[in-house]
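Here the structure comes first, spelled out in structure tokens, and everything after it is commentary.
2 protein chains.
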Amino acid sequence: MRSYLERCCKIVDAALDQYLPKATDRPATIHHAMRYSLFAGGKRLRPVLCLAAAEACGGEETAALPAAAAVECLHTYTLIHDDLPCMDDDDLRRGKPTCHVEFGEGIAVLTGDALLTIAFEILAKTPPSSRYGVADYVIELATASGSRHLIGGQVVDLEGEGLDVVISPAQLRYLHESKTAALLACSLRLGAMSAGASAEQVESLTTYGQAMGLAFQIIDDILDVTQTSEKLGKSAGKDEAAAKSTYPALFGLEESRQEADRLTKKAHMALEPLGDRALRLHQIADFLLVREY
Amino acid sequence: MRSYLERCCKIVDAALDQYLPKATDRPATIHHAMRYSLFAGGKRLRPVLCLAAAEACGGEETAALPAAAAVECLHTYTLIHDDLPCMDDDDLRRGKPTCHVEFGEGIAVLTGDALLTIAFEILAKTPPSSRYGVADYVIELATASGSRHLIGGQVVDLEGEGLDVVISPAQLRYLHESKTAALLACSLRLGAMSAGASAEQVESLTTYGQAMGLAFQIIDDILDVTQTSEKLGKSAGKDEAAAKSTYPALFGLEESRQEADRLTKKAHMALEPLGDRALRLHQIADFLLVREY
Chain A
675 MRSYLERCCK IVDAALDQYL PKATDRPATI HHAMRYSLFA GGKRLRPVLC
725 LAAAEACGGE ETAALPAAAA VECLHTYTLI HDDLPCMDDD DLRRGKPTCH
775 VEFGEGIAVL TGDALLTIAF EILAKTPPSS RYGVADYVIE LATASGSRHL
825 IGGQVVDLEG EGLDVVISPA QLRYLHESKT AALLACSLRL GAMSAGASAE
875 QVESLTTYGQ AMGLAFQIID DILDVTQTSE KLGKSAGKDE AAAKSTYPAL
925 FGLEESRQEA DRLTKKAHMA LEPLGDRALR LHQIADFLLV REY
Chain B
675 MRSYLERCCK IVDAALDQYL PKATDRPATI HHAMRYSLFA GGKRLRPVLC
725 LAAAEACGGE ETAALPAAAA VECLHTYTLI HDDLPCMDDD DLRRGKPTCH
775 VEFGEGIAVL TGDALLTIAF EILAKTPPSS RYGVADYVIE LATASGSRHL
825 IGGQVVDLEG EGLDVVISPA QLRYLHESKT AALLACSLRL GAMSAGASAE
875 QVESLTTYGQ AMGLAFQIID DILDVTQTSE KLGKSAGKDE AAAKSTYPAL
925 FGLEESRQEA DRLTKKAHMA LEPLGDRALR LHQIADFLLV REY
């Protein structure tokens with residue numbers, strides 16, 4: 675599994691390197707900053723899901739590659755903006771100083787903007803499949819990452835911070851669904867769409883993505899409590915310090931682990947209609963459940 | 675001319691109202707903030723250019739309308755982010771408190787992000803024309819607004835601020851071309867593309883847009899010196915206070931006016947191959963030259 679992930683990372687990194695302006699292109703600051711944040715050693719989970727979903731639907735890896743690169747640019751922009759002093763105010767990300775610490779706040783805002791913009795430019799290079807075209811791809815990514823989902827989740831998160839109010843399990847689920855699961859599911863859907871998947875296949879992958887995405891976020895919350903900053907590559911204990919509501923805070927560690935298990939089982943079940951070609955997606959769900967960073 | 679502009683504004687505002695989530699959609703803060711900045715009484719210059727370019731190439735207004743709405747969303751996002759304390763730090767925009775003054779910095783960053791995202795979502799609704807498809811539209815907008823052009827210009831602007839160095843006329847031209855002319859030309863090109871324009875027609879409109887865009891920015895610089903904040907709806911005298919290089923600062927008011935005149939003549943000439951259908955574009959160039967806000 676680890677060699678599969680490493681292979682995917684290499685392919686995605688090569689594609690990103692090709693799609694992005696060179697670090698020396700003018701103005702050099704922004705292109706340097708875009709590459710600084712993008713090549714900081716992320717897990718490339720979203721692109722891997724995109725490629726694995728294409729494979730699960732019988733598609734070609736090359737057809738899914740632009741979409742895979744696009745979701746990683748989009749994810750990286752959200753990290754840069756979320757880390758800003760006016761948001762979560764974080765100094766450490768992927769084991770390195772955050773973009774605004776390294777380049778200043780103004781450049782960090784613009785670097786996020788540039789990665790969001792280029793995400794759509796790269797996505798538009800995804801070839802149309804038998805059932806979907808570029809308009810579908812763009813609307814899919816814009817919806818998942820827009821004001822009702824990904825950005826909406828960050829808004830709710832920001833508004834809740836420091837309020838000293840314990841949010842309900844339903845609210846926490848909304849937060850995790852919008853901030854994490856929406857883009858994970860979108861990455862899978864884009865991979866499937868690039869493969870010309872049927873509506874049923876896309877639906878199966880959406881269910882898988884939502885369940886796996888929630889499990890992923892619960893594990894993230896658990897690791898924030900149990901791991902060191904060094905291991906995570908970002909500030910540990912941050913959630914508690916910010917009085918953020920998390921699964922462990924609401925339910926305790928043990929029950930949170932059980933919920934992650936339950937959701938991972940649900941994710942496996944959702945893949946059944948896809949048969950053997952979904953092997954990688956099964957492995958990814960298991961891998962995410964036992965990860966330590 | 676004024677009635678033409680008013681009619682365009684009405685059509686564009688109705689489209690924006692339809693494309694945007696309702697102000698009450700959850701989370702309400704972000705949707706309220708998106709509408710606050712978008713419906714703050716902008717001139718809608720970019721959408722007007724988009725619609726007029728479509729007309730000049732024999733296209734249908736309805737086909738160009740999504741692209742027209744998209745460029746206005748994109749323009750508004752740049753205003754919100756440029757006004758942030760870590761950028762130009764401006765309190766007044768379109769005669770109202772800026773987004774971050776009204777909603778806080780975090781929400782302002784997210785509101786800009788959401789408008790940038792929805793710009794591509796709306797753009798993707800532009801129907802393919804005889805020569806162009808959604809992939810072309812998306813790459814066109816992403817290029818003009820990306821790290822080499824619009825965002826690149828803001829980077830150079832940000833890096834130059836407070837340096838107390840007089841920039842060269844060539845550098846100032848680069849700034850204006852990337853920060854203003856690129857998106858104006860892009861608005862025209864998108865309108866033309868939605869009308870299935872020939873490569874020659876698109877080229878003519880690009881030349882028109884670049885010349886008119888530079889003239890527009892020179893007039894902007896002049897108005898910043900000669901007009902009150904009340905009339906402009908944004909902080910006047912801001913350029914001088916920030917020690918920004920402008921045309922009047924480098925060349926004086928009189929020579930700046932002459933340069934704007936010269937560029938406007940160039941814009942008119944570029945339209946010649948388009949014939950009578952370009953009437954509105956001729957009128958717009960003249961209107962922008964004599965505007966007082």
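Chains A and B supply the protein sequences, listed in that same order.
Each position in the first sequence, counted from 1, maps to that position plus 674 in our numbering.
Each position in the second sequence, counted from 1, maps to that position plus 674 in our numbering.
For glycine and all other residues, C-beta sits at the position ideal for the given N, C-alpha and C.
Since the structure is predicted, the reported quantities are computational estimates derived from the model, not experimental observations.
Checklist entry - Using a C-beta cutoff of 7 Å, does Ala798 (chain A) count as contacting chain E? => result No chain E is part of this structure, whose protein chains are labelled A and B.
Checklist entry - What does Val839 (chain A) touch in chain B if you count any residue whose Cβ is under 8 Å from its own? => result Chain order gives no chain B residues near Val839 (chain A), where near means a beta carbon separation below 8 Å; the closest approach is about 16 Å.
Checklist entry - Measuring CA to CA, which of A:Thr703, A:Gly786, A:Lys939, A:Thr800 is closest to Tyr811 (chain A)? => result Closest option to Tyr811 (chain A), judged by alpha-carbon separation, among A:Thr703, A:Gly786, A:Lys939, A:Thr800: A:Thr800.
Checklist entry - Hey, how far is the Cα of Gly820 (chain A) from the Cα of Pro701 (chain B)? => result 11 Å
Item to check | For Lys696 (chain A), three-class secondary structure by DSSP | outcome: coil
Item to check | DSSP state of Lys770 (chain B) mapped onto helix, strand, coil | outcome: strand
Checklist entry - So, helix, strand or coil for His823 (chain B), using DSSP? => result coil
Item to check | Val974 (chain A) at chain B interface by Cβ criterion, 7 Å | outcome: Nothing about residue 974 (chain A) can be read from this structure; chain A reaches only from 675 to 967.
Item to check | Per-residue burial, Ala952 (chain A) [other beta carbons within 10 Å of its own, 16 or more giving buried] | outcome: Per the 10 Å Cβ criterion, buried.
Next on the checklist: For the structure I just gave you, are there three or more beta carbon pairs, one from the region 703-719 of chain A and one from the region 778-788 of chain A, closer than 8 Å?
Outcome noted: yes
Checklist entry - With 7 Å set as the bound, which would you pick, yes or no: does the beta-carbon of Thr703 (chain A) sit closer than that to a beta-carbon of chain B? => result yes
Item to check | Straight-line gap, Ser804 (chain A) to His850 (chain B) (C-alpha atoms, nearest Å) | outcome: 43 Å
Item to check | Amino acids of chain A, ordered along the chain, whose beta-carbon sits closer than 7 Å to that of Phe794 (chain B) | outcome: Phe794, Val812, Ala816
Checklist entry - Given that Met761 (chain A) touches chain B, what residues does it touch there, using C-beta distances under 9 Å? => result Glu779, Gly780, Val783, Leu784
Next on the checklist: Buried or exposed for Gln692 (chain B), going by 16 or more other Cβ atoms inside 10 Å?
Outcome noted: By the 10 Å Cβ count, Gln692 (chain B) comes out exposed.
Checklist entry - Which class does Lys940 (chain A) belong to by DSSP, given the choice of helix, strand or coil? => result The answer is helix: DSSP assigns Lys940 (chain A) an H, G or I state.
Checklist entry - By a C-beta neighbour count over all protein chains shown, 10 Å radius and 16 as the cutoff for buried, is Arg676 (chain B) buried or exposed? => result Counting Cβ neighbours within 10 Å, Arg676 (chain B) comes out exposed, since fewer than 16 surround it.
Item to check | Sub-7 Å separation of Lys770 (chain A) and Ala714 (chain A) beta-carbons | outcome: yes
Next on the checklist: Check whether the region 787-796 of chain B and the region 820-830 of chain B touch, using three or more Cβ-Cβ pairs below 8 Å as the test.
Outcome noted: no
Item to check | Rounded straight-line distance, which links the Cα of Ala726 (chain A) to that of Leu719 (chain A) | outcome: 10 Å
Checklist entry - If we count the other Cβ atoms within 10 Å of its Cβ and call it buried at 16 or more, is Leu891 (chain B) buried or exposed? => result The amino acid at residue 891 (chain B) is misidentified as Leu; the sequence shows Gln. The residue in question, Gln891 (chain B), is buried, as its Cβ has 16 or more Cβ neighbours within 10 Å.
Checklist entry - Between the region 817-832 of chain A and chain B, which residues of the former have a C-beta closer than 9 Å to a C-beta of the latter? => result Considering only beta carbons, the part of the region 817-832 of chain A lying closer than 9 Å to chain B consists of Thr817, Ser819, Gly820, Ser821, Arg822, Leu824, Ile825, Gly826, Gly827, Gln828, Val829, Val830, Leu832, in chain order.
Checklist entry - When the Cα atoms are used, what is the spatial distance from Gly716 (chain A) to Arg768 (chain A)? => result 6 Å
Checklist entry - In chain order, what residues of the same chain lie with their CB nearer than 6 Å to the CB of Ser861 (chain A), ignoring the 5 residues before and after it? => result Arg720, Leu723, Cys724, Val745
Checklist entry - What does a CB cutoff of less than 6 Å around Ala697 (chain A) pick up in its chain, not counting 5 residues either side in sequence? => result Closer than 6 Å at Cβ, skipping near neighbours: His705, His706, Arg709.
Checklist entry - Does DSSP classify Ser804 (chain A) as helix, strand or coil? => result coil
Item to check | Cβ neighbours of Ala934 (chain B) in the same chain (closer than 7 Å, five flanking residues each side left out) | outcome: Ala889, Ile892, Ile893, Leu963
Checklist entry - Going by beta carbon distance, what residues of the same chain come within less than 6 Å of Asp895 (chain B), once the five residues before and after it are set aside? => result Excluding sequence neighbours, Asp895 (chain B) sits near Thr920, Tyr921, Pro922.
Item to check | Under 8 Å from the C-beta of His755 (chain A): neighbouring residues of chain B | outcome: Val783, Leu784, Asp787
Checklist entry - Since Thr791 (chain A) meets chain B, which of its residues come closer than 8 Å, beta carbon to beta carbon? => result Leu790, Ala816, Ser819, Gly820, Ser821, Ile825
Checklist entry - Can you check whether the CB of Ala741 (chain B) is closer than 7 Å to the CB of Leu864 (chain B)? => result yes
Checklist entry - What residue range is occupied by the uninterrupted alpha helix (DSSP H) comprising Gly780 (chain A)? => result 779-797
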